[in-house]
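Peer 1:
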Amino acid sequence: MKLDIQGVIKALDAVGRSLAENKDYLTELDSAIGDADHGINMNRGFQKVHDRLTAGSYADLGAVLKDVGMTLMGSVGGASGPLYGTMFMKMSSRLAGREELDTPSLAEAVEEGLKGIVALGRANLQDKTMVDSLTPAVEALKRAASEGLPLEAALESAVEAARTGMESTIPLVARKGRASYLGERSAGHQDPGATSVFLILSAILETAREETA
Amino acid sequence: MKLDIQGVIKALDAVGRSLAENKDYLTELDSAIGDADHGINMNRGFQKVHDRLTAGSYADLGAVLKDVGMTLMGSVGGASGPLYGTMFMKMSSRLAGREELDTPSLAEAVEEGLKGIVALGRANLQDKTMVDSLTPAVEALKRAASEGLPLEAALESAVEAARTGMESTIPLVARKGRASYLGERSAGHQDPGATSVFLILSAILETAREETA
Amino acid sequence: MKKLLNRVDDVVVESLAGLAAAHPCLVKLHPSVKAVLRADAPGDKVAVVSGGGSGHEPLHGGYVGYGMLDAACPGEVFTSPTPDQMYEAAKAVDGGKGVLFIVKNYTGDVMNFQMAADMLAGEGIAVEQVVVDDDVAVQDSLYTAGRRGVGGTVLIEKIVGAKAQAGGSLAEVKSLCERVNSQVRSMGMALTSCAVPAAGKPTFELGEDEMEIGIGIHGEPGRKRMKLKPAKEIVEMMAEAIVADLPFKAGDEVLAFLNGMGGTPQMELYLAYNDLANFLAGKGLKIARSLVGNYITSLEMQGFSITLLKLDEEMKALWDAPVETAGLRWGR
Amino acid sequence: MKKLLNRVDDVVVESLAGLAAAHPCLVKLHPSVKAVLRADAPGDKVAVVSGGGSGHEPLHGGYVGYGMLDAACPGEVFTSPTPDQMYEAAKAVDGGKGVLFIVKNYTGDVMNFQMAADMLAGEGIAVEQVVVDDDVAVQDSLYTAGRRGVGGTVLIEKIVGAKAQAGGSLAEVKSLCERVNSQVRSMGMALTSCAVPAAGKPTFELGEDEMEIGIGIHGEPGRKRMKLKPAKEIVEMMAEAIVADLPFKAGDEVLAFLNGMGGTPQMELYLAYNDLANFLAGKGLKIARSLVGNYITSLEMQGFSITLLKLDEEMKALWDAPVETAGLRWGR
Ligand SMILES: Nc1ncnc2c1ncn2[C@@H]1O[C@H](COP(=O)(O)OP(=O)(O)O)[C@@H](O)[C@H]1O
Ligand SMILES: Nc1ncnc2c1ncn2[C@@H]1O[C@H](COP(=O)(O)OP(=O)(O)O)[C@@H](O)[C@H]1O
Ligand SMILES: [Mg+2]
Ligand SMILES: [Mg+2]
Ligand SMILES: [Mg+2]
Ligand SMILES: [Mg+2]
Chain A
1 MKLDIQGVIK ALDAVGRSLA ENKDYLTELD SAIGDADHGI NMNRGFQKVH DRLTAGSYAD
61 LGAVLKDVGM TLMGSVGGAS GPLYGTMFMK MSSRLAGREE LDTPSLAEAV EEGLKGIVAL
121 GRANLQDKTM VDSLTPAVEA LKRAASEGLP LEAALESAVE AARTGMESTI PLVARKGRAS
181 YLGERSAGHQ DPGATSVFLI LSAILETARE ETA
Chain B
1001 MKLDIQGVIK ALDAVGRSLA ENKDYLTELD SAIGDADHGI NMNRGFQKVH DRLTAGSYAD
1061 LGAVLKDVGM TLMGSVGGAS GPLYGTMFMK MSSRLAGREE LDTPSLAEAV EEGLKGIVAL
1121 GRANLQDKTM VDSLTPAVEA LKRAASEGLP LEAALESAVE AARTGMESTI PLVARKGRAS
1181 YLGERSAGHQ DPGATSVFLI LSAILETARE ETA
Chain C
2001 MKKLLNRVDD VVVESLAGLA AAHPCLVKLH PSVKAVLRAD APGDKVAVVS GGGSGHEPLH
2061 GGYVGYGMLD AACPGEVFTS PTPDQMYEAA KAVDGGKGVL FIVKNYTGDV MNFQMAADML
2121 AGEGIAVEQV VVDDDVAVQD SLYTAGRRGV GGTVLIEKIV GAKAQAGGSL AEVKSLCERV
2181 NSQVRSMGMA LTSCAVPAAG KPTFELGEDE MEIGIGIHGE PGRKRMKLKP AKEIVEMMAE
2241 AIVADLPFKA GDEVLAFLNG MGGTPQMELY LAYNDLANFL AGKGLKIARS LVGNYITSLE
2301 MQGFSITLLK LDEEMKALWD APVETAGLRW GR
Chain D
3001 MKKLLNRVDD VVVESLAGLA AAHPCLVKLH PSVKAVLRAD APGDKVAVVS GGGSGHEPLH
3061 GGYVGYGMLD AACPGEVFTS PTPDQMYEAA KAVDGGKGVL FIVKNYTGDV MNFQMAADML
3121 AGEGIAVEQV VVDDDVAVQD SLYTAGRRGV GGTVLIEKIV GAKAQAGGSL AEVKSLCERV
3181 NSQVRSMGMA LTSCAVPAAG KPTFELGEDE MEIGIGIHGE PGRKRMKLKP AKEIVEMMAE
3241 AIVADLPFKA GDEVLAFLNG MGGTPQMELY LAYNDLANFL AGKGLKIARS LVGNYITSLE
3301 MQGFSITLLK LDEEMKALWD APVETAGLRW GR
């Protein structure tokens, strides 16, 4: 099973809906150790993505994800804007010319995206950032690709890995981003960005399930 | 029964204690239709009066009340400062040379004080001000004087008259002072200044009772 | 109710000490009464003196300095100062050309300033008074205390202060003051209450979806309580009442003053100013000058007021004249 | 949580429209991105550009004008602006002498400005960046995001802006900016929370007798929560940490900046300044310049911050140089 261009656009719309639904939840998480805007930022960005994708017409996945990256970069702001923006831009260059997303291409693209995030934000694992949920997700995708798993199963394992990564941020003391200003007081709270990574992957999984059903 | 200079000073101390106890109450009343300071103003002024009278030594009641008037004038502020200040100054000129307060001299002095208040503030009866409780009190004192009642009895009738006057302010629409800015919304609230008049007379009555007991 | 203070009885004096410490070139404190004086007083000019309860900062102490006030007499929070303050302050800043008292129309202020004026007149000092009463929220009547003095006071102190600085005589300064007062109108609103420090709790309670329209600057109740509306509707409701009152007419040049009550973020003040500018444009009124910010406040109250002044050429020139005070400064 | 607004998504744009409407002689808005530009831009000078989340007004838009910033890029409330804003703003104000970005040290701001700088460099425009990080409340470390940029930003923008106005080269302006940043230290506290309009409720809750020490300017939690204390003790606790950090030494000349977080009455700010002045005198520090008021805020938050800058002769002269912006103005 693969996602075609329309499938990917559907998945991105599903991401937008999920972030809209979880806007207050993410903002709540960001209130505890940040500045109470992560849900607002992500929701604003993905609403813009929806508008952009609805207006555009696309010949390959690279073009879709480039628009996503550019839109996020120009509308999310904060730390998550450049990070997610870069991630999708990097994914876009990996997916240039492709019209279908399968497990290997997804794994490669997300890995490239993660590299972009790390190059920009310089976060290590356990710094309590989105890297903590994205890294295990990338590993799960790569494993799934090497095992020849179909997209849906690959996404299932990525979502589970992201969930574990996300939950692993709770006890951590933040060393990157705004939460790091809190020092010890940042422990005991789940990282908002690690949570939005999980929500994004979950929404893509939902779409993959619907498309195969 | 008469109050001598020490008795009058005791009475003024009792006034100070009563206003301290009723500071929040008066301020509460002033919150509803004014600017939430009447109790604070009166308490500040009468604490200063207490300090001044404790430090001074007096040959006649005129001197005592002049100090009271000057002190109130220079420390209460707001509308009540000049009004009460003037009242005590006017009383002081009536009591110049006297060493004892009896019913006729009290009635004369308070009437003179009321005249000062009206000359300054130009309030009529039923404008919802201190005049509404002070006017009936003056009438009661004058009646008591003409009937030859002793000071305690005279004060009793003055206090009762002031209470009725004070309560009569509740339904009124204010036409003077800060409450007048409220228009119709000032109805339904008791006037703070009319209330402080009642409290002052009540405290004097208390002292008169103690001094005769 | 939380406040930054040491002893509640000392808030005014300690705050004055801070003002003097922060602006030693502009102001000094009177040695014996609570009064803020121009550092270089007395000047060879008419002395302009104002005052009133504290809690409205920067009014009035923040407006003492070159081209504005010569002295300000602060009372306790929201309580008129006492006659000895105005008397001593006036004596300290009078340079022989006379003194103008700018008095906001509150019974207490009017009576206390009047007593000080009487005392000064008794000593042969020329004193004039002008009572500011620009609040259209208050129904005017011969039988009441009249209208309150609110936002217009700031504009009056600036313009009249410039006239005195320029050498205007006491009669000229007074008559200008009356003219500006006759051309200025204001109205305020509140989203939240303020709390008098000594009272220790909010003066009034407003529901989470309510606002108070026609509020004064002391947390006194306004004309009416309403459900909260969009900023544009609130601004239009208030501006409509102001424009109708003078009335301001299409083609008039105005100074548009959007004032914060102390606790409203500046972002919201500019947002409301945007609605005001659009409204006035729609009425054909020309904003020749503007002022946006916290200039006459009610402690931490959230809300704002709108003041419109119909300008003439003299007022415009005097508004633009240099001023150097803690609260307003340009041209120097 | 009550706000003066129309649509919650429009607060920033409507507020910018109000700023531009109120100060047409000082600023204009960029035609395509959210950016406040000097009305007379581009000038024949190094362009100084800053920006960051909204909600800190007058920072940064209120500091655009003669002798300070050439452009400010406001993000959504408390959210860093995006690279296209800095890119377009810089292009609009660059007069060929290069552009300095003054960036507060927040991950988002740093990354977004960096991207814009990369884009501009790609087009051959000379861009330099200085990251402001003056908040002593944050423990510094190589492994974290470092310290936040807070109150020092205002002083830096004024002083560096004056240098650019005076014709300093890009290298000179940048190196001055770094020098001022290295000499400035700040710390903040809050009595109440702010509320992000789009979040619709306070960012944090504080008990009636609690305060948050070491708060940032976004309602992010501070270093510790404590029982409320007298102003003098709070000021001393904060100033002690600041003085120890640089360290400031007896005899140093300082600029003492007592900043309100937006919702604190000016009366309390001056009261706290009085405590600060006394504390610094006790340490033998000389207050050569001062600033008291709401200059870098957190919406309606109650609280204040203290910033001390160790002055040298150049900084003093540049601080005194004329400035004409909505938020700071003197000498013009
Ligand atoms: N240096 C970094 N590397 C990776 N992720 C980061 C970094 N800094 C912050 N983040 C992520 O960004 C999230 C916060 O995003 P957001 O609230 O939108 O931005 P801001 O912190 O600027 O308000 C954090 O929860 C964290 O996951
Ligand atoms: N013109 C007046 N004549 C008589 N009494 C007045 C007048 N104006 C106000 N008052 C009295 O003063 C009281 C308010 O006093 P206070 O609160 O101390 O002063 P302020 O109104 O200046 O805050 C009112 O309740 C009223 O009784
Ligand atoms: Mg955030
Ligand atoms: Mg009162
Ligand atoms: Mg009062
Ligand atoms: Mg943010």
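Chain order of the listed sequences is A, B, C and D. Once you know that position 113 of the first sequence is 113 in this note's numbering, the rest is easy, because the numbers rise by one and skip nothing. Position in the second sequence (from 1) plus 1000 gives the number in this note's numbering. Position in the third sequence (from 1) plus 2000 gives the number in this note's numbering. Position in the fourth sequence (from 1) plus 3000 gives the number in this note's numbering. Note that beta-carbon positions come from the ideal geometry of N, C-alpha and C, so glycine has one too. As the structure is a prediction and not an experimental result, all values here were calculated from the model.
Below 8 Å, can you find three or more Cβ-Cβ pairs linking the region 2165–2178 of chain C to the region 2191–2205 of chain C?
Peer 2: No contact exists between the region 2165–2178 of chain C and the region 2191–2205 of chain C.
Peer 1: Chain C partners of threonine 3264(D), CB-CB under 8 Å?
Peer 2: Chain C residues near threonine 3264(D): Leu2004 and Glu2300.
Peer 1: Output the distance between the C-alpha atoms of glutamate 1210(B) and proline 1136(B), rounded to the nearest integer angstrom.
Peer 2: Taking the straight line from one Cα to the other gives about 24 Å.
Peer 1: Only counting the same chain, and skipping five residues up and downstream in sequence, which positions put a Cβ closer than 6 Å to that of arginine 175(A)?
Peer 2: Once the five neighbours on either side are set aside, the close Cβ partners of arginine 175(A) are Asp127.
Peer 1: Below 7 Å, is the gap between the Cβ of tyrosine 2106(C) and the nearest heavy atom of ligand 2?
Peer 2: It does: the Cβ of tyrosine 2106(C) is within 7 Å (strictly closer) of some heavy atom of ligand 2.
Peer 1: For serine 92(A), does the three-state DSSP call read helix, strand or coil?
Peer 2: Correct three-state label for serine 92(A): helix.
Peer 1: Which residue marks the beginning of the alpha helix (DSSP H) containing phenylalanine 3304(D), and which one marks its end?
Peer 2: Phenylalanine 3304(D) -> not in any alpha helix (DSSP H); beta strand (DSSP E) instead, spanning 3303–3310.
Peer 1: I'd like the list of long-range same chain contacts for alanine 3020(D), defined as Cβ closer than 7 Å, with 5 residues on each side in sequence excluded.
Peer 2: So the qualifying residues of the chain are Val3027, Lys3028 and Leu3029.
Peer 1: Please specify which runs of the alpha helix (DSSP H), each continuous and at least 4 residues long, are wholly inside the region 51–88 of chain A, giving them in chain order.
Peer 2: Those alpha helix (DSSP H) runs which fall completely within the region 51–88 of chain A and span 4+ residues are 61–73.
Peer 1: Assuming contact is defined by CB atoms lying nearer than 8 Å, are glycine 2200(C) and serine 2305(C) in contact in what I supplied?
Peer 2: Contact: no.
Peer 1: So which residues on chain C does asparagine 3112(D) lean against when the C-beta distance must stay under 7 Å?
Peer 2: Those within 7 Å of asparagine 3112(D) in chain C number zero; the least Cβ separation is about 20 Å.
Peer 1: Restricting to Cα atoms, I'd like to know which of Gly81(A), Glu152(A), Asp102(A) and Glu108(A) is closest to glutamate 139(A).
Peer 2: Closest by alpha carbon: Glu108(A).
Peer 1: Could you run through the region 2076–2087 of chain C and flag, in chain order, every residue whose CB is less than 8 Å away from some CB of chain B?
Peer 2: Answer in chain order: Glu2076, Val2077, Phe2078, Thr2079, Ser2080, Pro2081, Thr2082, Pro2083 and Asp2084.
Peer 1: Going along the chain, which residues of the region 72–102 of chain A sit with their C-beta nearer than 8 Å to a C-beta in chain D?
Peer 2: Listed by position along the chain: Met73, Gly74, Ser75, Val76, Gly77, Gly78, Ala79, Ser80, Gly81, Pro82 and Leu83.
Peer 1: Compute the Euclidean distance between the alpha carbons of isoleucine 2156(C) and valine 2036(C), then round it to the nearest angstrom.
Peer 2: Answer to the nearest angstrom: the Cα atoms are 18 Å apart.
Peer 1: I'd like to confirm something about threonine 2079(C): is its beta-carbon nearer than 7 Å to some heavy atom of ligand 5, or not?
Peer 2: Yes, the beta carbon of threonine 2079(C) sits closer than 7 Å to at least one heavy atom of ligand 5.
Peer 1: Check the Cβ of phenylalanine 3204(D) against every Cβ in chain A and list those closer than 9 Å, keeping chain order.
Peer 2: Under the 9 Å cutoff, chain A gives Ser31, Ala32 and Ala36.
Peer 1: For aspartate 948(B), which three-state DSSP category applies?
Peer 2: Limits of chain B in this structure are 1001 at one end and 1213 at the other, which puts residue 948(B) out of reach.
Peer 1: Cutting at 8 Å between CB atoms, please list the residues of its own chain near isoleucine 1200(B), excluding the five before and the five after it.
Peer 2: Result list for isoleucine 1200(B): Val1015, Ser1018 and Leu1019, in chain order.
Peer 1: In chain order, what are the residue ranges of uninterrupted alpha helix (DSSP H) at least 4 long that sit wholly in the region 2166–2231 of chain C?
Peer 2: Listed in chain order, they are 2170–2183.
Peer 1: Using three-state DSSP, classify aspartate 102(A) as helix, strand or coil.
Peer 2: DSSP places aspartate 102(A) in coil when its eight states are reduced to three.
Peer 1: Quick test of your reading: proline 2042(C) and glycine 2095(C), contact by CB under 8 Å. State the CB separation rounded to the nearest angstrom.
Peer 2: Contact flag correct, Cβ pair sits at about 4 Å.
Peer 1: Any beta carbon of chain C sitting closer than 8 Å to that of arginine 3332(D)?
Peer 2: At least one chain C Cβ lies under 8 Å of arginine 3332(D).
Peer 1: Any idea what DSSP makes of aspartate 2135(C), helix, strand or coil?
Peer 2: The answer is strand: DSSP assigns aspartate 2135(C) an E or B state.
Peer 1: Please output, in chain order, the residues near ligand 4 using a CB cut-off of less than 5 Å to any non-hydrogen atom of the ligand.
Peer 2: That gives Asp1030(B), Gly1034(B), Asp1035(B), Asp1037(B) and His1038(B).
Peer 1: Quick one: Cα of lysine 2158(C) to Cα of lysine 2097(C), how far?
Peer 2: Spanning the two alpha carbons is a distance of roughly 19 Å.
Peer 1: With a 10 Å radius around its C-beta and 16 neighbouring C-beta atoms as the bar for buried, classify glutamine 6(A) as buried or exposed.
Peer 2: With fewer than 16 other Cβ atoms within 10 Å, it is exposed.
Peer 1: Run through chain C and tell me which residues come within less than 9 Å of glycine 1121(B), C-beta to C-beta.
Peer 2: Ordered by position in chain C, the residues that pass the 9 Å Cβ test against glycine 1121(B) are Thr2107 and Met2111.
Peer 1: Ligand 2 and leucine 2299(C): does the residue's C-beta get closer than 7 Å to at least one heavy atom of that ligand?
Peer 2: The answer is no for leucine 2299(C).
Peer 1: Who are the Cβ neighbours of leucine 3005(D) in its own chain at under 7 Å, not counting the five residues just before and after it?
Peer 2: Result list for leucine 3005(D): Val3011 and Pro3197, in chain order.
Peer 1: If I measure Cβ to Cβ from glycine 121(A) and keep anything under 6 Å in the same chain, skipping five residues before and after, which residues do I get?
Peer 2: Excluding sequence neighbours, glycine 121(A) sits near Leu83.
Peer 1: Please check the pair threonine 3307(D) and glycine 3052(D), which I expect to be a contact at CB under 8 Å, by giving their CB distance rounded to whole angstroms.
Peer 2: That pair is no contact at about 17 Å.
Peer 1: Which same chain residues, not among the five before or five after threonine 2203(C), have their C-beta less than 7 Å away from its C-beta?
Peer 2: Excluding sequence neighbours, threonine 2203(C) sits near Ser2193, Cys2194, Ala2195, Val2196 and Gly2219.
Peer 1: Below 8 Å between beta carbons: does that hold for glutamate 2317(C) and leucine 2285(C)?
Peer 2: Note that residue 2317(C) is alanine in the sequence shown here, rather than glutamate. Taking 8 Å as the Cβ cut-off, alanine 2317(C) and leucine 2285(C) do not qualify as a contacting pair.
Peer 1: Pull up the distance between the alpha-carbon of leucine 2269(C) and that of phenylalanine 1088(B), whole angstroms please.
Peer 2: Cα-Cα distance, rounded: 47 Å.
Peer 1: Please list, in chain order, the chain C residues whose beta carbon lies closer than 8 Å to that of lysine 1176(B).
Peer 2: Chain C residues near lysine 1176(B): Thr2107, Thr2144 and Ala2145.
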